[in-house]
Every structure is written in structure tokens, then in C-alpha cells.
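> If you're matching them up, the sequences are chains A, B and C in order.
With our numbering applied, the first sequence has no gaps in its numbers, which climb one by one up to 392 at the end.
With our numbering applied, the second sequence has no gaps in its numbers, which climb one by one up to 418 at the end.
With our numbering applied, the third sequence has no gaps in its numbers, which climb one by one up to 415 at the end.
Virtual Cβ for every residue (Gly too), placed ideally from N, Cα, C.
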Amino acid sequence: MGSALTLLAGLDPAGLPQQLVNGVLLGGIYALLALGYTMVYGVLRLINFAHGEVFMLGAYTSLFVSWALGFSPEAMKSGSHQSNPMNLVIMILVSMTVCALVGVVIELFAYRPMRGSSRIASLITAIGVSLLLQYGGQLFLPTSPPPSISDKVNPYSGSWEIPLKSADASLVAALAKARTEAKESQAEIDRQHINRFDTNLPPAQAALITTVETSERQVHDLEAKINNSSVKINLRYGQLIMLGSTIVLMLLLRHLVLKTPIGRAMRAVSHDFDSASLMGVNVNQIVTLTFMIGSALAGAGAMMYATLGDSPALNTFYGSLPGVKAFVAAVLGGIGNIPGAVLGGLLMGVAENLVVWAGYSQYKDAVAFVILIAVLLLKPGGIMGSSKVEKV
Amino acid sequence: MIRNSFLIAGLAAIGVGSMGLLSGCNPGTPEAPKPTDTKTEKPTATTAGARPEATDTGVKAEGDTIKIGLVAAKNGDDRPWGIDSEKGAMIAQDEINAAGGINGKKVQILVGDSASTPEGGKSAAEKLVSDGVVAILGEVASGTTALIEEVAFAKGIPVVTIGSTRTDLAAKGNNFFRVCYNDDFQGSTMAKFAFEGLKLHKVAIMTDNKLPYSQGLSKTFREAFTKLGGEIVDEQFYEKGQAQFSGQVENMKGKNPEGIFLSGYFTEVGAISKAIRGAGMKDAKLFGGDGWDSPSLITGGGEAIVDGHFCNHYNNADPRPEVQGFITKWKDKNNGAAPGTTMGALAYDAANMTFAAMKRCKDLTAKNIIAELENTENFPGVTGKITLKGQGGNPKKDATVVRVTKDGFTFAKTFPAE
Amino acid sequence: MFYLKRFGWVILAILLCVGFESVVTSGKNFDYVYRMCVLAGLYVTLAVSLNLINGITGQFSIGHAAFYQVGAYITGFFAATGYKGFASNSLVQQLSHIGVNATWTVQGLWLVMMVLAGAAGAAVAGFVVGLPSLRLKGDYLAIVTLGFGEIIRIVCQNQPALGGAYGMKIEPRINSMWFVWLLAILCIAVCRNLLKTAHGLPFLAVREDEVASSAMGVDVTKVKVTAFVIGAAFAGAAGALLGHFEGFVSPPMFKMEVSFMVLTMVVLGGTGSITGSTVGALLLFGIPEWLRQIEDSHHNPILVSAGSVLGFAIMLVAAVAYVRHLIHHFHGEKKAKTQRIVGTFAAALVAQFFLGMLLNLVPALRDKSWPYADLRWAIFAVTLIVLMLLRPQGMFAHHEFSVARFFKRPKEAAA
């Protein structure tokens, strides 16, 4: 509540560039997921409600691969673990492959038989598949306690700071000094196995603790001063990799859809399902391919989300919230429209972070929906879509 | 033909009128919600004996087995906590049956699935009651427990909750007990620890707005911490299941807190701590409540969570025989895996405490069990010594603050029960 | 005469509901059954009212839980602020002497008021959601209704006055089974009468073709908004009853999954069919609760091994595939077709038993097992998929259930 009360005074202009960057990073993942929704919708006019669950399976696949690569909780206890970039590549490839397979299987068993029926019936089947993966998955996948992918898997743990307005150099030097001091005295405490909260310590140890406390406070004060005097963007390497891979994947998809015969067939099916089949396009093949690509993108997104981002621990409902968000993003951009999905995803990500920036983090999701409704009222077919009367 | 709208209106009017209540169109019918200041129930602190008495409907143990109900989430997103509580309770059941049961009678714990929804929990409780249970254990989520309590109160059956920390739950009736702390105690303990132990003065809070647990804990922490003289510089919110917390973290960073109180579950705390360190807040102390307790916290948080502190019931490394005995039994049953969450130990305690109360009963009626649960004194649980006598259902129990290290949790400080 | 007949029907409905309640409450330990009956009644109301929006008017709403929540929270708010004042009001005190039991009369009066308030509040919400439907079609409208549901949930979750994420207590708790079913019957009656009279035709016209119907002079705007308002009002009334029955409301009771569940009930029953929605609601509400009952006579859970689950899954896929083949490609007599379908399932049932035993010889599959309760929702999901695969048009398709159809076997029913 406190943050909500300080309406405008709480706005921190220095934080804005960082928030925008955060928004783009989050939006990238939404966009990857939204692409899956929008591509499937494009060819089949089906809202694939199980897409979020494919995402969840991708995250679990990454978890298992990371365990196989030697980052399981048991293995982590013994010795140091040096990761290398290959691990990330293996994880993302396996995750994409598994997700692609899952997507194809779901299409084959649940959606293809429904193709002749009404759209809403396919939608209910999709809800059924989604429930099955969530509740059935709970039986087979490790959920208790909800596991996390070790952050050691990511070899690039540092971050890259882009100063927009640099802080006073003397302050920075003072901070570095204070930090070393604090670290040294903390190390000393650890070495002597002193419990900081013990009230009956001998004076020498108590003095040591006081030293730590003063140096910590000094560090904090200096940090505060630096923080207030500078504007910078802080990019974790993990996030940068995420953004880079997202862009690469999107460019690949663009090439595939616009420049290859398969892409042409896909566009034809999306334009008119029946005519395309009359013109000699193997519709079934194209639909399978679409599911494959969409799900593989979800798999890539899941791996990056779960490994490189700030991911919560995994459970079988892991994909439902990102799934809904991505669906909203796809609709926002105009469902069925590939650039629209990317735009919608980015907009959602940025909008969410701006809401947080304004101090309304508790209304983050609600505001995302308000924006969506507002946009749809102005442009009923989404930002890049076209609207026409259709029946349910 | 008669106009149809008349027909519909007539039907509706007659439907209402037939109750003999046509005068229900009272001018006092409130039309729009007035912005009156409605205080939700004030947490009634430990006022023993003042709690309303549950109606005695004469429920008692019949047959050769004593049936006890356990409501747990076996489906849905609370399943990790639900199956742990089931496992814990089942260990207690097997143990007491191996030791000859209660006064020669075998004990059977019936499990009802709440499917992580409040109504599901209530349905499960009703089903258990119709199966003839004399006591109900559970649930973990406060919202679900509130509904279970309704059922049990009407039937005069005791409820021993496993993990519902919501303070005002205990005020409903004298049949309600818990083995965990309530939010009041935990929040003020962590406030004291932060202010006196960690010597923090400016603290930010991060609350999981989807969890009543987190909302309650943040609220009591805020009150206690301000009372001690500290300052809450910021509060940010997120929802369970969301990812990417950099937005909230960036806001907190602007306020320069010395410490951050993370009142949510470990599932998100790990990620949030990574975001905090990643954003460059290297020195802010992280601390939280018992929702942190899981080995998964360290895998999720990595380096970032090391040196965090949280309030816990017990510590797996605690040499007390109750703790070590429980851990050995748990590992035997679960292929050597240690308990994943605290709910296992809490459920084990809840079950054993109920068994102990039953053993003291001459006649196994629900009413006697309630009375004997109320008489619990110094019950040696895994999660600490529990005293319920005169506490209004809230256990008197020490709180342990533990520190997160790279390899596990180590003891930091004990706060005795007030 | 007409009114007399109507009045007769109403009295009959009330007697039926009261009779139903007294049958349920006559047994010993009836609370669980009673609860199931109340919740089933509420779900019937929800499904039938959503059917008005989705099935009859052809709008795509997937946020019905929002209206349910609005109704429940409105009563919660009033109960917290106004019930005490209401009960001690002098007029109410005087009225309370009319009935058999003073408390009952006061609570009954209150409940009627709350149902009306909940319905009114939800109707306003329905109006607000209905407005965008003028511009938005299909999936775009769906996402707006979904979003509206989320907005309501998040707002409630953030209001300390509404109890936050924990929820709020509602005093008094009122057991109102006959009233719940009366509401369900009223809802069914309203929808049925709408379809039976000329007033319903515009709704159907909008569903079939919006452009054509507006060309024929149908006020599309009015029809759509009316559907939303009526549908929402019934959901709100159901929410009010739920609030007072549970004595507690909290945000997780109205999450997105509830909306999906209600939508599924409608589609499974057959979009547009009132009887279909009713049966769909009873079925889908019943399945998980029925699965709760699977235990041995001593209430011990039954364990299912992974081998049995796998065997069941394989045979189910095979049986469903074959039955689908039969449905589409078998051209013999209808009786023979039915026999074959039933035979296939029976054979699969037997086969899965043996296959399960066979698979259980593999130690890895034998040792992993779950109690039935853990499989509840997975079984539910499988049932849903199988029903949709075998009968995508829903159990009753667009038709209403009628006894006559069983005997007359009209030719078009086969289509």
C-alpha cells in the first residue's frame, strides 16, 4: 500500500532506462511463446491452450539435461562445477527437440481428429490436454520440493553495466575499499566460526563483529550515494544471451516463413486452408511442421526462462501464467500475425515493467489486461491484425 | 401470446413472492457499496477460554479403528506441500500402530484431497466427517483451512492445522489448534532479528500477493519493525508463478534498503535473490519466514541466497533426538531423500500431538479430544516443544533463526516463545 | 388461466426443490451429500447461464467466474457491513414473526436481498463486459472476458477491505439448498422460455449470422448486451448463494480454471442445448467427486501401479481410435454400430486389465504407484479429451433432450 500512496513522488526517473530494458527482455520471452500461439492459430484457427504446458515440459527437459550434465543437487554438493557454453547449447537443443516432438504428438492425437469439428470443441480438447499435462505430469515429474535448475549451469554469471551518467570516481574508489574491508572481516569471522548473534562473546570477537557492522554500513551508505548520483543500465550476461538467441530465432523464423517454399506453403494454408490443399499443398504436413516450429520455439523460450532468467522453481503449473501472458500478447498483436506476436510480446513486457516502475507491482497483471482491452477497443483485430465477423 | 418479458418477470416475482417475502423490497436495500471503512476481523490475540465453543454433536470413535482425517492438496499447485504433509502424517500413523495404537485401538488416517482449492478442501472435510473421523488434520493454505474449520466447528470436531499461519483462524472456535506459529509471532520475531540481530534500520519488503501467508507475514513484520523504530522504505509485490522480478528489484534499489524481507515461498525467493544480486544490490541482507525452508532454496538461489536468514521451526541438523529420529524415518520411507519442505515435520507433529491427546482421553469423543488438545503442555515435537494450554489454539513454541550457507542451513539464533 | 398454469408450475418447482432437500436431509450424516447437491445446483446455474451467452447468442465468453465472483464478493461486503443492522431493523423484526422460525425468516429475507444484490452487481459487470462485444468478435472477445476475470480477481486480492488474498468471512452461513435449486430451475426456465418464444429468435439469429440478422432488423447490440446481462445476473445470484453457503469467499475460488470448467460443461453438453448444459454441469462436477469415493470398504486408498496406468492408456488410445473409425466409416444398422462400439470398449476394458498385469511384471512399472486420489484430475482430463474426441458436437449437440426422441427415432437425428 505504501508504494501505492506515494503516487507520483515515488517515480524514479533514474530507474526508467533499466525498466525499459527489463521490459524488452521479458517481452522477448513472451514473444517467443506468442509465436507458437499465433502460428498454430494462423493455420488452424485454434487457440492451443496446451502451449503453456509444452513450455513447462521444455523447462523440465532443461532440468533433466542439466542433471545429466552433472548439475544435479547431489552432484553439486561435491566439488566445484565449471560450466561451459556447450552445456547451454546442448540444453537448448534438447529442449527444442523434445518440445517439438511433444507438439507433434499432441497435434496428432488430440487436434487432428478434431479438425472437422467446431472450433470451440477443439478448444475444449486443448483445455483437456492442458489439464492432462498439468495433473498427469505431477505424477511423473519431480515436484516435491519444486526443483530449480542450478545457476552454475550458466557460465556467464557477471553483468555488463552501461553507464548513462557516471558516478563520482572518488566515491567508487571508496566503495571498493570499504567492500574489501567488509569482506576481510567477514572472512575472519567465518574462519573463527563466530556466531554473530551470540550475545556472550569474548570482547575480541565482539569487536570484530562491530568492525564488520561498521564497514557494512559504510559500504551501504557509499552504495546509496553512488546509486543516487548515477544512471546506468545493468545487463546480466545471461539476459544478453537470452535476448541474442531470441533475436536469432526470430530472424530464422522470418527467413523460413518468407523465403522458403515451406514458408510459402505455410502462408498459403494460413490464408485459406481448403484452397491451399486444392492447390497441392500437403496440409497435414504443414500443420505438423507448424506445431513443431511453434513448440520448438516454446522449448527454447522455456530453457532460457528457466536457466538464464529469474525463474521460479519448476512445477507442472509453471507454464500456465507465461502461457496466458503470451496468449494475450498474441491477441494484442493480432492473432495469426507473426510480426504482430513479436510486437505484442514486447509491448506486454514493457507495459508490465512500466507498471512496476510506477509503483503498482501488485496490479501488474491487471494493468496488462486493461491495456489489452483498451487496445482491442480501439483496434478490434489487434495491433497488426484485421478484423472480420467470425462465428464461434 | 402473452409477452414473454412479462412472463419472465412474473416468474421471477412469483419465485420471490412465494416465500411469503414480497415485502422484501425493503427501502433499505443497499444499492451501491458505500465506502465505509470495514475493518476485517482484528486478530484476537491469545485470549484463552474466550473462544466460542464448538457445538457438541456427539461425534465419537466407533469400531476397532480410530479414524482421523487429513486434508491435503494431492492435486494442483500446492501438491508439493500436500504430499509432504501426507507422508509426515503417515509416518506418525505407522509408528503409533506399531507401538500398539491408542489404548489398544488402531489408528487410521484417511486422506482427503483438496485439489488446492478452498471448496475442494471443504468437500474433502465433509466427506471425511461422513466417513466418521473424530479429528481433522490440515490444511496448509489458510484460505482452505478457514473453510475446513467451518465444517469442523459445526460438527464439534477438532482441527489441527499443519501450516496455516493466518492469525485470525484461531478465533473461530475452541476446536481449532495449530502446530505452526501464527503470522503475529513469526513476523515480530523476524522484525526483532532484523533490527537487533542484523542491525538493519531501513528495510524493504517483497510480498507474494497471491499467498495469504505472505500478505499476513508482511503485514505483521511491517507493524513490528516500525514499532521497534525501523523504517520500511518500500514494499513491492509479485504473484506466485510469475518470473522476472527485475522490475520490482529495480524499484527497491532506488530506495537503498539495507535489508529485504522476502515473505514468500522458497519457489520464488531463490529467483528474487538472484535478481537482487544481479541488479547490483550486493550488500542488502535477505531474510524471510518459514516459507523458505527447502533444500531447493539453495539450488534456486545459488550464491545469491547464501548468507540469508529465515525463521524456522527446526533445523535438519538439529541434534535433538526428535529431529534426528524423524529424519531417519523419513529417509527410510523416501529412498534416502531428506524432507523437501517443513510440512512433513509439521504434519508428523500434528498427528502425534493429536494421538497424545487421544491417549489422555478416557472416552474418545470429539469433545474430549478438543479438551485434551487444549491441555497439551510441553509436547516434544520435531518442530519444537509445543504448549497449547491457555494459548487460544496458537502453540507456544520457540522460533529458530537459521542462516543459509552454501551447503545447507546452520543455526543462528533462538527466539523463545513469548 | 395462463397465469394459473404458470403459478402452478412455480409452486411445483418450489415443492420439488423443498422435497429434494427434505429427501437429502432425511438421511444420517447428510452434510457431504447436501454440500454436493448445493454445489451441483450452483454449477448448473453457471453452465446454463453461460450457455445463454455462448451457446444461444454465440458470443465467446471465457470469463464467467468473474460474474460469480462479483456476486459472491458483493454479498460478502454487505454481510460484513450490513447484516447486523438488517437483523435488528424493526421492520425485519416484525416480519420475522410471519414464518415458522424467526431466524429462518430473517435469514431468508436477507438471502433474497443478497441474491438480488449479487445479481444486480453482476448484471452491471455483464453490461460492462457486454459492451466491447459490440466491436470484438470471437477470440478477441474471449480474451477480453478472460482479462476482465483476472482484473476482478487481482483487484479483490489487493483490497484489504475485501480480505486480500485470504478472503473474507461471511456471516451468517445459510444452508439454502432448495433455494439454490430454485435458482437453477429459474435460470433454466428463463432460457427455455426465451427459446420457445419469439424473444429468443433474435438471439439465435445473432448466433447464426450477425450481418444477416442485423440486415433483417435485429438490434444486434441490444441482443448481445442482454445476453451478457442476463447470463451475468444468474452467475452473480449463484455467487451470492455460494458466499452464504460457504460462509467464506476467497480469490482462489474464482480462478481462471473455474471459468474454463464452466465453459467445458457447456461445450460438453452441446453448445446451445439447455438440457445439455445441465447434464454437462452435473457430469463434470460429479466426476471428480465420484472419483473421491473410490476406496475400499475400510476407506483405505486403492493403489494403482504405473504398469496399470500405462496399460489403461494404451488400450484407451486404441479403443478410441477404433471407435472413431466405427463412427465415421461404419455404415451398417444403427443397432449394430452401437453394439460394436460398446463391444470395443468392453474388450478394451478387459484387455487393459491383462495388459496392465503384463506390464506390472516390469519391476520399474510395478514399484511406482499412486493412490487413486492422486489420479483424480488426470482421469478427469482424460475423460474430457475422450468425450470430445468421440462426440465433438457435445452430448446433446444443438438439440434439447426429449423422451420422445428415444422412441420415435427421427431420421435427422442420425445426421
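1. What residues from the segment 248 to 263 of chain C come within 7 Å of chain B, judged by C-beta to C-beta, listed N to C?
2. How would you list, in chain order, the residues of chain A whose beta-carbon sits under 7 Å from the beta-carbon of S294 (chain B)?
3. Determine the chain B residues that contact L321 (chain A) at a beta-carbon separation under 7 Å, and present them in chain order.
4. Inspect the beta-carbon positions of S263 (chain B) and M206 (chain B) and report whether they are closer than 9 Å.
5. Would you say V203 (chain B) and P257 (chain B) are within 9 Å of each other, going by their C-beta atoms?
6. Below 7 Å on C-beta distance, what does I83 (chain B) contact in chain A?
7. Can you have a look at V105 (chain A) and say buried or exposed, based on whether 16 or more other CB atoms are within 10 angstroms of its CB?
8. Report all residues from its chain with a CB closer than 6 Å to the CB of F148 (chain C); omit the five preceding and five following residues, and keep chain order.
9. What residues from the segment 171 to 183 of chain A come within 9 Å of chain B, judged by C-beta to C-beta, listed N to C?
10. At 9 Å on the CB atoms, spell out the chain A contacts of G280 (chain C), in chain order.
11. Roughly how many angstroms lie between the CA atoms of K255 (chain B) and E235 (chain B), to the nearest whole one?
12. Just tell me which of B:V402, B:I369 and B:N378 has its CA closest to the CA of I102 (chain B).
13. Which value, in whole angstroms, describes the spacing of the CA atoms of L139 (chain A) and P202 (chain C)?
14. Taking all protein chains shown into account, do 16 or more other C-beta atoms lie within 10 angstroms of the C-beta of M357 (chain C), making it buried, or fewer, making it exposed?
15. Taking C-beta pairs closer than 8 Å, name the residues in chain C that E62 (chain B) reaches, listed in chain order.
16. Is DSSP giving H51 (chain A) helix, strand or coil here?
17. Among the candidates C:L183, C:T226 and C:W178, whose CA atom is the shortest distance from the CA of H419 (chain C)?
18. So N312 (chain B) is in the beta strand (DSSP E); what residue range does that whole segment cover?
19. Any contact of the segment 158 to 172 of chain C with the segment 372 to 385 of chain A, i.e. 3+ C-beta pairs under 8 Å?
20. What is the rounded straight-line gap between the Cα of D155 (chain B) and the Cα of W104 (chain C)?
21. Output, in chain order, the set of chain A residues within a Cβ distance shorter than 8 Å of N158 (chain C).
22. Hey, how far is the Cα of M358 (chain B) from the Cα of N315 (chain B)?
23. State yes or no: is the C-beta of G163 (chain B) within less than 9 Å of the C-beta of T365 (chain B)?
24. Closer than 8 Å between beta carbons: that is the criterion. Which residues of the segment 261 to 274 of chain B meet it against chain A?
25. Rounded to whole angstroms, what is the Cα-Cα separation between S61 (chain C) and L141 (chain C)?
26. Anyone know if the C-beta pair for E223 (chain A) and K282 (chain B) falls short of 9 Å?
27. Measuring only the C-alpha atoms, how far is N4 (chain B) from L211 (chain B)?
28. Going along the chain, which unbroken runs of the alpha helix (DSSP H) with 4 or more residues stay wholly within the segment 58 to 119 of chain A?
29. Spatial neighbours of V342 (chain A) within its chain, please: CB distance less than 8 Å, with the 5 preceding and 5 following residues excluded, ordered by chain position.
30. Work out the CA separation of V133 (chain B) and A125 (chain B) for me, nearest whole Å.
31. Using a Cβ-Cβ cut-off of less than 8 Å, give me the residues of the segment 224 to 256 of chain B that come near chain A, in sequence order.
32. Helix, strand or coil for L164 (chain A)? Go by DSSP, reduced to three states.
33. How about I120 (chain A): is its C-beta nearer than 9 Å to some C-beta of chain C?
34. Looking at the strands, I want to know which residues DSSP matches up with V402 (chain B).
35. Count the other CB atoms, across all protein chains shown, that sit within 10 Å of the CB of Y348 (chain B); report buried if there are 16 or more and exposed otherwise.
36. Can you look up Y41 (chain A) in the DSSP assignment and give me helix, strand or coil?
The answer reads as follows:
1. For the segment 248 to 263 of chain C, the beta-carbon criterion of a distance under 7 Å to any beta-carbon of chain B is satisfied by F248, S250, P252 and M253.
2. The contacting residues are P145.
3. Result: G241 and Q242.
4. Yes, these two residues count as a Cβ contact at 9 Å.
5. For V203 (chain B) and P257 (chain B), yes; Cβs fall inside 9 Å.
6. Ordered by position in chain A, the residues that pass the 7 Å Cβ test against I83 (chain B) are S144.
7. By the 16-neighbour rule on beta-carbons within 10 angstroms, V105 (chain A) is exposed.
8. In chain order, G63, A66 and V129 place their CB closer than 6 Å to the CB of F148 (chain C), counting only its own chain and leaving out the 5 sequence neighbours on each side.
9. Of all residues in the segment 171 to 183 of chain A, R179 and A182 have a Cβ within less than 9 Å of some Cβ in chain B.
10. Chain-order list of chain A residues neighbouring G280 (chain C): empty, with the shortest C-beta distance near 10 Å, by a criterion of under 9 Å.
11. Taking the straight line from one Cα to the other gives about 10 Å.
12. Of all alpha-carbon atoms in B:V402, B:I369 and B:N378, the one lying nearest the alpha-carbon of I102 (chain B) is that of B:I369.
13. Between L139 (chain A) and P202 (chain C), the C-alpha separation is close to 49 Å.
14. With fewer than 16 neighbouring CB atoms inside 10 Å of its own CB, M357 (chain C) falls in the exposed class.
15. Those within 8 Å of E62 (chain B) in chain C number zero; the least Cβ separation is about 12 Å.
16. In this structure, H51 (chain A) counts as helix in the three-state DSSP scheme.
17. Residue coverage of chain C in this structure runs from 1 to 415, which leaves residue 419 (chain C) outside it and unanswerable.
18. Looking at the DSSP string, the run of the beta strand (DSSP E) that includes N312 (chain B) is H309 to N312.
19. No, because fewer than three Cβ pairs between the segment 158 to 172 of chain C and the segment 372 to 385 of chain A fall closer than 8 Å, the two stretches do not touch.
20. A quick correction: the sequence has Lys, not Asp, at residue 155 (chain B). Taking the straight line from one Cα to the other gives about 20 Å.
21. In chain order: Q362 and Y363.
22. A straight-line Cα-Cα distance of about 28 Å links M358 (chain B) and N315 (chain B).
23. For the pair G163 (chain B) and T365 (chain B), the CB atoms are not nearer than the 9 Å cut-off.
24. Those would be F266, T267, E268, G270, A271, I272 and K274, in chain order.
25. Distance between the alpha carbons of S61 (chain C) and L141 (chain C) is about 7 Å.
26. Yes; because the gap between Cβ atoms is below 9 Å, this pair is in contact.
27. Only weak support exists for where N4 (chain B) lies, its pLDDT of 45 falling under 50; the value from the coordinates is given anyway. When rounded, the distance between both Cα atoms is 48 Å.
28. With a minimum length of 4 residues, the continuous alpha helix (DSSP H) runs that stay inside the segment 58 to 119 of chain A are 73 to 77 and 85 to 106.
29. Within the same chain, V342 (chain A) has close Cβ partners A31, A34, L35, M250 and G333.
30. Here the alpha carbons of V133 (chain B) and A125 (chain B) stand approximately 9 Å from one another.
31. Listed in sequence order: I232, D234, E235, Q236, F237, Y238, E239, K240, G241, Q242, A243, Q244, F245, S246, G247, Q248, E250, N251, K253, G254 and N256.
32. L164 (chain A): strand per DSSP, three-state reduction.
33. Output row for I120 (chain A): interface = yes.
34. DSSP lists B:F310 and B:F411 as partners of V402 (chain B).
35. Burial call: buried.
36. Helix.
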